[in-house]
Amino acid sequence: MTLDSTFDDLGIGSLELAELLLRVQGKYGVALPSDLLASAETPRDLVVAVDRGHPVLAPERGVMVSLPTTEPGGLAPEAASTLNDVLDWHVGATPERMHIRLLDDSGGGTDLTYATLHREAAAVAAGLIAHDVMPGETVAIMLPTCRAYFTTFAGVVLAGAVPVPVYPPARPSQLADHLRRTTGILTNAGATLLVTVPEAVTLGHLLRANVESLRHVVVPETLMGTSEDASPSLPALPRPRSDDLALVQYTSGSTGQPKGVALAHRNLLANIRAMAKPPGLRERIRSSAGCRCTTTWV
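Just so we're aligned, residue 1 is where the sequence shown starts under the UniProt record's numbering, counting upward by one.
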């Protein structure tokens, strides 16, 4: 074993590495960057990160985040039958309400309101339509957790297509191998377009030789175009039905070939509404929605 031995060769997987990072932070009293779990490949990477890390005060156990005060959530889009209806309702009723806050390492971050989400997602939808993506077709999304992931996901839904989230590679050096293993998912899903990070575009084009349905490999910025406000030229967006597919979620494939779970709009809305209610009311919600199960992923 040397400082340049890879964690793979040392038998250290993602869970073991996460535990190691926590112990290193506690031992040396430094805050390590949040992306180190994905980028570190050797013990030397940890040594460099510790050397560059900033000290953490002994009592500190994390970063306190102050979220903005929002209006009470008394109203809800109860009549909505699709995810599209839900987003449209929020844009009309609570456009400036925060939908999500994306945090950085310091505890700061950027807010994404419903109005902004809809505007950027509509631009993505227009880009998908310009790339000849038709309603009901599947679009694979291989992006890390970031603003572009959420706007791309919503954009696929607004275009009437079906998002297929695919895990990005844990480490940059695994990109080529990860894309090869992703071939099975893209083929099974019949993905017509892959949205991914710039580093994966070239290799993504190689997938087209093995995935017959795949026509385009693009980055989110390509779909959104160069204009921040593309709304004047937006095409008419399709309106899906409650029984139309809204998401295909694949298992990790840790015990075999990844398997896809197909969920309609009504399935997802039943899940969302069940999670928003006290446990005693959830069975009634699922029964009224025609869905007697709540789908979750660990």
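Where is the CB? At the ideal position from N, CA and C, for every residue including glycine. This one's a predicted model, so the numbers in the text were calculated from it and none came from an experiment.
- Here D243 has A264, H265, R266 as same chain residues with Cβ atoms under 8 Å from its own Cβ, once five neighbours each way along the sequence are excluded.
- Considering only I12, R215, L75, the residue with the shortest C-alpha distance to A130 is R215.
- Sequence-distant Cβ neighbours of L17 in its own chain, meaning closer than 8 Å and more than five residues away, are F7, L37, A40.
- Counting only the Cα atoms, A161 lies some 5 Å from P135.
- Rounded to whole angstroms, R147 and T42 show a C-alpha spacing of 29 Å.
- Take the alpha-carbon of S34 and the one of L22: they are about 11 Å apart.
- Per DSSP, R101 is not a residue of any alpha helix (DSSP H); the beta strand (DSSP E) it occupies stretches across 98 to 103.
- I129 carries a helical assignment under DSSP once its states are collapsed to helix, strand and coil.
- Residue environment: R101 is assigned as exposed (fewer than 16 neighbouring CB atoms within 10 Å of its CB, all protein chains considered).
- DSSP, read as helix, strand or coil, puts P55 in strand.
- For Q25, the uninterrupted alpha helix (DSSP H) segment begins and ends at 14 to 28.
- For G190, the closest of T82, E199, A126, L207 by C-alpha to C-alpha distance is L207.
- Excluding five sequence positions before and after S252, the CB atoms of its chain that fall closer than 8 Å to its own CB belong to Y167, P258, given in chain order.
- By alpha-carbon distance to L237, the top candidate from T138, L128, A31, A262 is L128.
- DSSP, read as helix, strand or coil, puts A122 in helix.
- Nearest to Q249 by alpha-carbon distance, out of L186, V24, A123, is L186.
- For Y167, the secondary structure class from DSSP, reduced to helix, strand or coil, is coil.
- Within the same chain, Cβ atoms closer than 7 Å to the Cβ of H178 are found at P169, the five residues on either side in sequence being excluded.
- The C-alpha of S81 is placed about 26 Å away from the C-alpha of D132.
- Per DSSP, the unbroken alpha helix (DSSP H) holding L36 starts and ends at 36 to 39.
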